[in-house]
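Colleague: Residue numbers for the sequence shown follow UniProt numbering, so the first one is 1 and each next one is one higher. Backbone N, C-alpha and C define an ideal beta-carbon position, used for all residues, glycine too. Keep in mind it's a predicted model, so treat the numbers as computed, not measured.
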Amino acid sequence: MFGSKLDIFKKEWLELVFAGRNKAYGAYQLRQTADTDTTKALFIGVILFLLAVSSPMILSFISSNTADDAVQTIETEVVLSEPPPVDEEAVIPPPIVEPPPPRVDQVRMPPPVVVEAAQVRDEEPPTVEQLKVADPGPKTVAGDPTAAIRIDLPVGEGPKDQEVTEDVDHVFTSVEVAPTPQGGLEEFYKYVGRNYNYPAQAQEQGVSGRVLLQFVVERDGSLTDIQVLRDLKYGTGEEAVRMLKRAPKWKPGIQNGRPVRVQFTLPIQLNLAAQ
């Protein structure tokens, strides 16, 4: 009797079984290559299984690379026009205002001057008695005791009660207190996000970038003289001007305690992805 662990696929048994028979028969050849065929089939099955499991990840990686390659960047070259020439003849300087006389008499206090000895001229300074009723100054001026005290008028010679005039049309570029929107710039940019209508043509062209605007904040806080310094075209600049014309009034700029006209530059970032 043969043992319980008999392996009929060993080559010794194959030779015994097929002894005296036609070994060219298919069964003999199949048993000869059975181990090799089984190993090959196992490797092929494992490879096919791994491909089936990893195919979704491979397809996702290929599609993401294809999407990245499809992204296009549109660069727009903006050519700024030269500012108009300044007509110096049209600029009218403010009139020269003579200050009103002081309330108290003023006596001249001669300033010290270094000269040669031959050019020295004696000039007596005001006496103590004079300084009791008058103030020292660069020249002698008769005072007006009945004049009202005005802190907004210069002192010195000139017509009585002369008002100080100022150029109300002058536009400042730098002031003591800069103009600001109601609620601050952060709240104003929220207003821009709510009221700026992205032009349809700009959306079709995929335009994104920064539009630069310049305007004047008037003494009452309104926005005037709105200009586009940098435009992305396709209607982006025109829409920014329209939006600013409807914007609420700002807090005006302050110079010397008074509201003045101030020039302001405002960048607006357009992001198509946020639409």
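Buried or exposed for residue 199, going by 16 or more other Cβ atoms inside 10 Å?
Modeller: Looking at its Cβ environment, which holds 16 or more other Cβ atoms inside 10 Å, residue 199 is buried.
Colleague: Could you spell out where the beta strand (DSSP E) holding residue 228 opens and where it closes?
Modeller: Run containing residue 228: 223 to 230, per the beta strand (DSSP E) assignment.
Colleague: Indicate whether residue 228 and residue 216 have their beta-carbon atoms separated by less than 8 Å.
Modeller: The answer is no: Cβ separation not under 8 Å.
Colleague: Would you identify the three-state DSSP class for residue 140, choosing helix, strand or coil?
Modeller: Residue state, collapsed to three classes: coil.
Colleague: What is the rounded straight-line gap between the Cα of residue 359 and the Cα of residue 209?
Modeller: Since the first residue of the chain shown is 1 and the last is 275, residue 359 is not available in this structure.
Colleague: Determine which residues share a DSSP beta bridge with residue 265 and list them.
Modeller: Answer is 214, bridged to residue 265.
Colleague: As a quick exercise: from 37, 130, 264, pick the residue whose alpha carbon is nearest that of residue 226.
Modeller: Closest by alpha carbon: 264.
Colleague: Identify the residues that DSSP records as bridge partners of residue 254: which are they?
Modeller: DSSP output for residue 254 lists 177, 259 as bridge partner(s).
Colleague: Closest by CA to residue 239, which one among 35, 175, 211, 259?
Modeller: When only C-alpha atoms are compared, the closest one is 211.
Colleague: Inspect the beta-carbon positions of residue 181 and residue 253 and report whether they are closer than 8 Å.
Modeller: In this structure, residue 253 does not lie closer than 8 Å to residue 181 by Cβ.
Colleague: Just to confirm, is the Cβ distance from residue 232 to residue 207 under 8 Å?
Modeller: In this structure, residue 207 lies closer than 8 Å to residue 232 by Cβ.
Colleague: Can you tell me whether residue 237 is buried or exposed? The criterion is at least 16 other CB atoms within 10 Å of its CB, across all chains shown.
Modeller: Buried: at least 16 other Cβ atoms inside 10 Å.
Colleague: Among 49, 169, 59, 125, which one has its Cα closest to the Cα of residue 260?
Modeller: Here the closest residue by C-alpha is 169.
Colleague: Quick check: the Cα distance between residue 213 and residue 55, rounded to an integer number of angstroms?
Modeller: Looking at the two C-alpha atoms, the distance is approximately 52 Å.
Colleague: Could you give the distance in angstroms between the alpha-carbon of residue 59 and the alpha-carbon of residue 52?
Modeller: Distance between the alpha carbons of residue 59 and residue 52: 11 Å.
Colleague: Taking residue 243 and residue 196 to be in contact with their CB atoms under 8 Å, please state how far apart those CB atoms are, rounded to whole angstroms.
Modeller: Between residue 196 and residue 243 the Cβ distance is about 5 Å, and since that is below 8 Å, they are a contact.
Colleague: Does the Cβ of residue 270 have 16 or more other Cβ atoms within 10 Å, making it buried, or fewer, making it exposed?
Modeller: Buried, because 16 or more other Cβ atoms sit within 10 Å of the Cβ of residue 270.
Colleague: Is residue 207 helix, strand or coil when you go by DSSP?
Modeller: In this structure, residue 207 counts as coil in the three-state DSSP scheme.
Colleague: On the three-state DSSP scale, how would you describe residue 134?
Modeller: If DSSP states are grouped into helix, strand and coil, residue 134 belongs with the strands.
Colleague: Where DSSP assigns a beta bridge to residue 171, which residues make up the other side?
Modeller: Partner(s): 261.
Colleague: Which residues in the same chain have their Cβ closer than 8 Å to the Cβ of residue 218, if we skip the five residues on either side of it in sequence?
Modeller: Result list for residue 218: 224, 252, 261, in chain order.
Colleague: Report, in whole angstroms, the separation of the C-beta atoms of residue 249 and residue 220, which I expect to be a contact under 8 Å.
Modeller: Right, the Cβ-Cβ distance comes to about 7 Å (below 8 Å), so this counts as a contact.
Colleague: Tell me whether residue 142 is buried or exposed, calling it buried when 16 or more other Cβ atoms sit within 10 Å of its Cβ.
Modeller: Its Cβ having fewer than 16 others within 10 Å, residue 142 is exposed.
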